[in-house]
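The sequence shown begins at 1 in this note's numbering and counts up one residue at a time. For glycine and all other residues, C-beta sits at the position ideal for the given N, C-alpha and C. Computed from a prediction, not measured in an experiment: that's the story for all the values here.
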Amino acid sequence: MLHPFVLAINSPHDTGVRQDAALSARLAYALMCLTLSWGILVSTGWVHRMTGRQATRNSHMVLATLTLAFGLIHVWSFLFLTDVHFTIVKLTIPMVNGGLFRHATGIVGYELMIAIAVSVGFQRYFSYRRWLFLHRFAYPAVALLVVHSFLGAMANGHLEVLWLAGLTFFVPMAVMAVLRFMPSRVLMGAGLVEEDA
Ligand code: HEM
1 MLHPFVLAIN
11 SPHDTGVRQD
21 AALSARLAYA
31 LMCLTLSWGI
41 LVSTGWVHRM
51 TGRQATRNSH
61 MVLATLTLAF
71 GLIHVWSFLF
81 LTDVHFTIVK
91 LTIPMVNGGL
101 FRHATGIVGY
111 ELMIAIAVSV
121 GFQRYFSYRR
131 WLFLHRFAYP
141 AVALLVVHSF
151 LGAMANGHLE
161 VLWLAGLTFF
171 VPMAVMAVLR
181 FMPSRVLMGA
191 GLVEEDA
């Protein structure tokens, strides 16, 4: 006879919840990479001539909202599992009750993203420089969530299938983030941008 724990792990209910958690996680990951890449285009103005500033900014906000929404579905899914016991406390406080490092990276990254999104609503109460300083926490948040996604997919045994798609979203984002912080004379030297006449 099978041990009851083995039965619980294989229950169709938990399998479904895990698939749901993984699907929303993958969507959140892809949208997160697109949000950051598009955010860089908003701040540098590299596509403004094509779309106009307002449209670029609005699409950045749509992508960010979708990332948070799919991220929330992913996180909340774990409350419905019966083979492991996740609680709101375990899903919101890193390393609590024997919490794992790979989960802590997800928790801190996601909470940073929420703080950044909330601060957008309170922009008028900050000087622009302070607000921008806060908004740039998006970079460490994304870094933490990339690490979380990598370790999470590895723990689920999905890395073999996901690594190529994961890199496809990651590499352009990383290249843009590097270019964004390069001094403009280096970009001009490389012929990537032209000086305004
Ligand atoms: C409170 C925040 C979060 C918690 C507690 C959390 C927890 C988890 C857990 C338990 C797993 C299953 C594997 C494992 O045991 O590590 C996982 C996998 C994963 N998570 Fe999260 N997560 C959080 C936020 C996020 C966010 C915001 C994203 C994306 C932007 C994300 C992306 C992923 C991905 C891509 C996987 C792998 C899915 C797969 O195997 O296909 N997570 N996470």
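- Selection T67, V17 and G39 evaluated against Y29 yields T67 as nearest (Cα-Cα).
- Using a Cβ distance threshold of 8 angstroms, M173 and L36 count as a contacting pair.
- Annotation for F169 indicates a beta carbon at 7 angstroms or more from all heavy atoms of ligand 1.
- Going by C-alpha positions, L27 is about 11 angstroms away from F169.
- Annotated three-state conformation of V84 is coil, per DSSP.
- G71 places its beta carbon 8 angstroms or farther from that of A138.
- The closest heavy atom of ligand 1 lies less than 7 angstroms from the beta carbon of S149.
- For L187, the enclosing alpha helix (DSSP H) has its first and last residue at S184 to G189.
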